[in-house]
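Quick note, my numbering runs 1 ahead of the 1-based positions in the sequence shown. Here a beta-carbon is modelled for each residue, glycine too, at the ideal position from N, C-alpha and C. Small disclaimer: the values here were computed from a predicted structure and weren't measured. Everything below concerns the one structure shown next.
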Amino acid sequence: MLKKVNEPAVTKRKAPAFTLPASNGEKVSLADYKGRKVVIYFYPQDNTPTCTQQSCDFRDYNGKFAELGVEVIGISPDELKSHDKFIAKYELPFLLLSDTNHKIAEKYGVWALKKLYGREYMGIIRSTFLINEKGYIVKEWSKVKIKNHVQSVLDAVLEMK
């Protein structure tokens with residue numbers, strides 16, 4: 002059965018481990034979230050229109066995720082200095098992690114060949130992962146379209162209850 006665009010894939014694979022520098026000045030690991038649900042969203046670049054909308058949507062829903070015991074984390078190839086400005090400008094209440102060498106994006110399968118106006122280049126495929134308390138990916142959204150995406154993620158969290 003083919004899945005619709007923006008419909009999550011249901012998986013049961015272990016989330017790849019990582020440790021990355023975070024916007025709070027510390028190194029953050031997936032293991033730090035053991036026993037908690039986590040939403041990880043990968044996005045291409047700070048301060049671009051679609052990435053800003055995506056991050057602001059997660060910001061606007063952050064209270065609902067927090068009420069359900071879910072941590073939200075954003076990951077992009079941007080440097081921490083860029084993340085700091087992005088967080089300050091849009092009052093983002095969650096951590097942004099810096100994956101400058103895209104090693105974690107590769108582990109999650111979101112670093113891939115992209116095409117824009119006939120030009121090919123390697124970059125982030127906008128994707129979101131819902132990870133359960135045991136560290137397994139339970140839902141995965143690839144090639145995310147922004148409209149209603151965060152609501153779809155929240156609905157998936159509610160289905161887990």
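Residue environment, residue i, which counts as buried when at least 16 other CB atoms sit within 10 Å
i: Arg127; result: buried
i: Gly26; result: exposed
Enclosing beta strand (DSSP E) for residue i [first to last residue]
i: Thr20; result: Thr20 to Pro22
i: Val29; result: Lys28 to Ser30
i: Ile132; result: Ser128 to Ile132
Contacting residues, own chain, Cβ-Cβ under 6 Å from residue i (five flanking each side not counted)
i: Asp58; result: Val151
i: Ser153; result: none
i: Phe19; result: Leu31 and Ile105
Cβ neighbours of residue i in the same chain (closer than 8 Å, five flanking residues each side left out)
i: Tyr91; result: Thr53, Ser56, Cys57 and Arg60
i: Ile147; result: Thr51, Gln54, Gln55 and Asp58
i: Trp112; result: His103, Ala106, Met123, Gly124, Ile125 and Ile126
i: Val40; result: Phe59, Phe66, Val71, Glu72, Val73, Ile74, Thr129, Phe130, Leu131, Ile132, Val154 and Val158
i: Lys38; result: Leu69, Gly70, Val71, Glu72, Leu131, Ile132, Asn133, Glu134, Val158 and Met161
One or two residues paired with residue i in a DSSP bridge
i: Leu114; result: Met123
i: Gly70; result: Answer is none; Gly70 lacks a bridge partner.
i: Arg60; result: In DSSP, Arg60 forms no bridge with anything.
i: Arg14; result: Ile138
i: Gly36; result: Gly36 is not bridged to any residue.
i: Phe43; result: Ile76 and Ser128
Sequence-distant residues of its chain with Cβ nearer than 7 Å to residue i (five each side left out)
i: Glu160; result: none
i: Asn48; result: Phe87
i: Ser99; result: Leu21, Pro22, Asp79, Glu80, Leu81 and His84
i: Gly36; result: Glu134
Sub-7 Å separation of residue i and residue j beta-carbons
i: Val73; j: Phe95; result: yes
i: Ile138; j: Phe43; result: no
i: Lys108; j: Pro22; result: no
i: Leu97; j: Gly75; result: yes
i: His84; j: Ser24; result: yes
Residue i, enclosing alpha helix (DSSP H) - first and last residue
i: Tyr91; result: Leu81 to Tyr91
i: Val151; result: His150 to Met161
i: Ile105; result: Lys104 to Lys108
Any C-beta of chain D under 7 Å from that of residue i
i: Pro45; result: Absent from the structure: chain D. Only one protein chain is present.
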